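Asks: Numbering (mature numbering (1 follows the signal peptide of the UniProt record, and there is no 0)), first residue to last: -22 to -1, 1 to 167. Below are the structure tokens for one structure; questions will follow.
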């Protein structure tokens, strides 16, 4: 008499396990990746999902493996003692950090845990944050006289900035590749 009951219990457990395994993960992606932010400005990391706020049970944001903020149906919370302390705010789909610093750059991971009623499983994704200092003190040095048939050297210098790319142009268009032109960083000959 007990054998059918045991078989029924075992069958039910297997069906529940198979049903849970068949659930799809909640799809997530980032509005922008990588996120490029100037020092001093606000960092905004936005995760996009098919869920509305009431369908989200929990969202955990981590920076290089350390939890920095969490949003749940009971409200937001932040992790004291991180480099972001006092600068961070979190919602169901965003992490905001005031006053971007160069050291804030790196990988952020978000884990979205849907409410059980959605039938979806949690999922994680990472977004890269790059922080730069604006270029300042730009000086363009040109010769006072250019002689036809001779080389002309131009140079561009700057006093500060990170993530710098120098692009040379003429008349609003990039200088085309040409064997008679040498471009090296801030110099054009």
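Here a beta-carbon is modelled for each residue, glycine too, at the ideal position from N, C-alpha and C. Computed from a predicted structure; not experimentally measured.
DSSP state of residue 79, grouped into three classes?
Replies: If DSSP states are grouped into helix, strand and coil, residue 79 belongs with coil.
Asks: Could you give the residue range of the beta strand (DSSP E) that holds residue 15?
Replies: It spans 13 to 16 - the beta strand (DSSP E) in which residue 15 sits, taken as one unbroken run.
Asks: Along the chain, which unbroken stretches of the beta strand (DSSP E) at least 3 residues long are found entirely within the stretch 33 to 68?
Replies: Entirely contained in the stretch 33 to 68, the beta strand (DSSP E) runs reaching 3 residues are, in chain order, 34 to 41, 44 to 50, 53 to 56 and 66 to 68.
Asks: So which of 82, 79, 83 and 101 has the shortest CA-CA distance to residue 89?
Replies: Looking at the Cα atoms, 101 is the closest of the given residues.
Asks: Report the rounded CA-to-CA distance for residue 79 versus residue 110, giving the unit in angstroms.
Replies: So the alpha carbons of these two residues sit roughly 8 Å apart.
Asks: With three or more beta-carbon pairs closer than 8 Å as the criterion, would you say the stretch 127 to 140 touches the stretch 156 to 166?
Replies: Segments in contact, yes.
Asks: Going along the chain, which residues of its own chain have a beta-carbon closer than 6 Å to the beta-carbon of residue 104, five neighbours each way excluded?
Replies: Closer than 6 Å at the Cβ level, and outside the excluded window around residue 104, lie 85 and 87.
Asks: Taking contact to mean at least 3 C-beta pairs separated by less than 8 Å, is the stretch 17 to 25 in contact with the stretch 64 to 82?
Replies: Flag = yes, the stretch 17 to 25 and the stretch 64 to 82 touch.
Asks: Going by DSSP, name the residue or residues bridged to residue 91.
Replies: 36, per the DSSP bridge assignment.
Asks: If you reduce the DSSP assignment to three classes, tell me which class residue 143 lands in.
Replies: In this structure, residue 143 counts as coil in the three-state DSSP scheme.
Asks: Quick one: what's residue 138 bridged to in DSSP?
Replies: Bridge partners of residue 138: 114.
Asks: Hey, how far is the Cα of residue 141 from the Cα of residue 30?
Replies: Taking the straight line joining both Cα atoms gives about 37 Å.
Asks: Is the beta carbon of residue 195 less than 8 Å from the beta carbon of residue 152?
Replies: Past the boundaries of the shown model lies residue 195; the chain is included only from -22 to 167, so the question cannot be answered.
Asks: Where does the unbroken beta strand (DSSP E) through residue 98 begin, and where does it stop?
Replies: Premise fails: residue 98 is in no beta strand (DSSP E) and is neither H nor E.
Asks: If distances are taken between C-alpha atoms only, which option among 28, 20, 15 and 17 comes closest to residue 4?
Replies: Per the Cα distances, 28.
Asks: Is residue 57 close to the ligand SAH? I mean its beta-carbon at under 7 Å from any heavy atom of the ligand.
Replies: The model depicted lacks the ligand SAH and carries no ligand whatsoever.
Asks: Where does residue 124 fall in DSSP's three states?
Replies: Coil, per DSSP.
Asks: Can you tell which of 57, 34, 82 and 46 has its C-alpha closest to the C-alpha of residue 14?
Replies: Looking at the Cα atoms, 82 is the closest of the given residues.
Asks: Kindly identify the DSSP beta-bridge partner or partners of residue 161.
Replies: 166, per the DSSP bridge assignment.
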